[in-house]
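Undergrad:
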């Protein structure tokens, strides 16, 4: 396997020899940690908004600490995609099956769901009132930039919220032909 994969990873992470169980746990643990990091910075962003602090300065300063890094320290509408939600849920299920409490994982999932739910209220506050009879465009349906993957995308939650407020919705089908 090393001979097959080595040319693809010349300057990337080293290849690690391990068991299937450990490899699976590495994937779940890594993605769940990143999901935790996203949930954490989103909660810090919400607190900063309340106390008048600048989340971008806070995140920038945190990211300069070598123990933390600036990767995944960008506040937003919550994580989505094909891996983070699924891997977080898998690790929660494994921990439950083995009777090992993983409260931080449950908290990250709850925080992410709360963050997605807050986005509609933030939109209403931004326009100072009701969304009724407003025309709103949602730019970017995917869960992150430079992909067409809409699985678990926060944009889908936002669209559902907007539609529940009887808003006209449009999107550019040339940018997302599969929609």
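Residue numbers (this note's numbering): 87 to 265. Each residue gets a CB set at the ideal place from its N, CA and C atoms; glycine is no exception.
Looking only at its chain, what residues have a beta carbon closer than 7 Å to the beta carbon of residue 241, apart from the 5 residues adjacent to it on each side?
TA: Start at 1 with the first residue of the chain shown, and residue 241 comes out as number 155. Correct list, in chain order: 224, 226 and 227.
Undergrad: Could you give the first and the last residue of the continuous alpha helix (DSSP H) run that contains residue 106?
TA: Reading the chain shown from its first residue, position 20 is the one you call residue 106. Start and end: 106-137.
Undergrad: Could you give the residue range of the alpha helix (DSSP H) that holds residue 147?
TA: Numbered from its first residue, the chain shown carries residue 147 at position 61. Annotation: the continuous alpha helix (DSSP H) that includes residue 147 extends over 141-149.
Undergrad: Which residue marks the beginning of the alpha helix (DSSP H) containing residue 194, and which one marks its end?
TA: The residue given as residue 194 occupies position 108 in the chain shown. Where residue 194 is concerned, the enclosing alpha helix (DSSP H) stretches over 189-212.
Undergrad: Ordered along the chain, which non-local residues of its own chain (more than five positions away) have a Cβ less than 6 Å from that of residue 243?
TA: Walking along the chain shown from the start, residue 243 turns up at place 157. Closer than 6 Å at Cβ, skipping near neighbours: 202.
Undergrad: Let me know the secondary structure DSSP gives residue 231 once reduced to three states.
TA: As a working mapping, residue 231 is identified with position 145 in the chain shown. It is coil, neither helix nor strand.
Undergrad: With distances taken from CA atoms, which of 163, 130, 159 and 229 is nearest residue 207?
TA: Locating residue 207 in the chain shown gives position 121, counting from the first residue. The shortest C-alpha separation from residue 207 is found at 163.
Undergrad: Candidates 230, 176, 251 and 88: which alpha carbon is nearest residue 221's?
TA: For this step, residue 221 is matched to residue 135 along the chain shown. Ranking the options by Cα distance to residue 221, first place goes to 251.
Undergrad: Using the beta-carbon count (16 or more within 10 Å), is residue 195 buried or exposed?
TA: For the purposes of this step, residue 195 is taken as residue 109 along the chain shown, with counting starting at 1. Buried.
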